[in-house]
Amino acid sequence: MLGEFGLPIPDVRDDGSLYELLRHGVGFWNLPIETFEGPFYVSIPEWDNQGTADRALVQLLDMRDRITDTADRPFIDERIRAAARYADDDALIHIGAALAGQDAKDPVRLPQALARTAQDAWSRDEDTTGAEELLEERELRHRAATLALIGLAVEERGTNEGNHVLVALDPATVADAVHAAATT
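Residues in the sequence shown are numbered consecutively from 1218, following our numbering.
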């Protein structure tokens, strides 16, 4: 199932691997959030060492714990699921690294696997934006959108060349991907 989404299959030997598998389950297969929460808190680094996705999940899980009206729970649960899915969009970081030395004025070369992952991001249907979106959620959504735009470009005008795909990308999209790689 993970392979269908272009995700690596974790080797569940420790709490970190279990957390990663459960995060995929929450994000892609509607695994109950309660099942994910314990391993998440066991494996989460200290705040200063957390990435954007981890920070978003910490804040969203805290919001979920503080909800007094159960009618609000499905909305926050969907935000948690979206953040868990966006956490897997680190392919943008790898794409950014692959694009770092390339001239954005010419078609760029992407490894086939990363091009497929970007196309998968384009195919996803996400509509969980809300007025009270966290800064971390916005950053995750922006990265996911950049990855999806690369996927759209690959789908519409990508050309296979061996183990790579040649595709013309907007220089701003290339810059966003390279920035994501540089800031992680």
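C-beta: ideal position from N, C-alpha, C; glycine also.
Reduced DSSP category for residue i - H, G, I as helix; E, B as strand; rest coil
i       : result
Leu1386 : coil
Pro1262 : coil
Val1395 : helix
His1381 : strand
Glu1251 : helix
Arg1341 : coil
Gly1268 : coil
Thr1400 : coil
Leu1351 : coil
Gln1276 : helix
Ala1370 : helix
Asp1294 : helix
Span of the beta strand (DSSP E) around residue i
i       : result
Arg1326 : 1325-1328
Glu1378 : 1376-1378
Residue range of the alpha helix (DSSP H) that includes residue i
i       : result
Arg1287 : The residue asked about is misnamed: residue 1287 is Thr in this sequence, not Arg. Counting along the chain, Thr1287 falls outside any alpha helix (DSSP H), and DSSP gives it neither H nor E.
Leu1309 : 1308-1316
Whether residue i touches residue j by CB criterion (8 angstroms)
i       : j       : result
Val1391 : Ala1321 : yes
Thr1269 : Ala1308 : no
Ala1314 : Pro1328 : no
Arg1374 : Ala1365 : no
Arg1326 : His1396 : no
Ile1297 : Val1243 : yes
Tyr1303 : Ala1389 : no
Nearest-angstrom beta carbon gap, residue j and residue i [assumed within contact, 8 angstroms]
i       : j       : result
Arg1281 : Arg1290 : 7 angstroms
Leu1369 : Thr1376 : At roughly 15 angstroms, the Cβ-Cβ gap does not stay under 8 angstroms, so Leu1369 and Thr1376 are not in contact.
Pro1256 : Leu1239 : 5 angstroms
Gln1267 : Leu1351 : With a Cβ gap of about 13 angstroms, Gln1267 and Leu1351 do not count as contacting.
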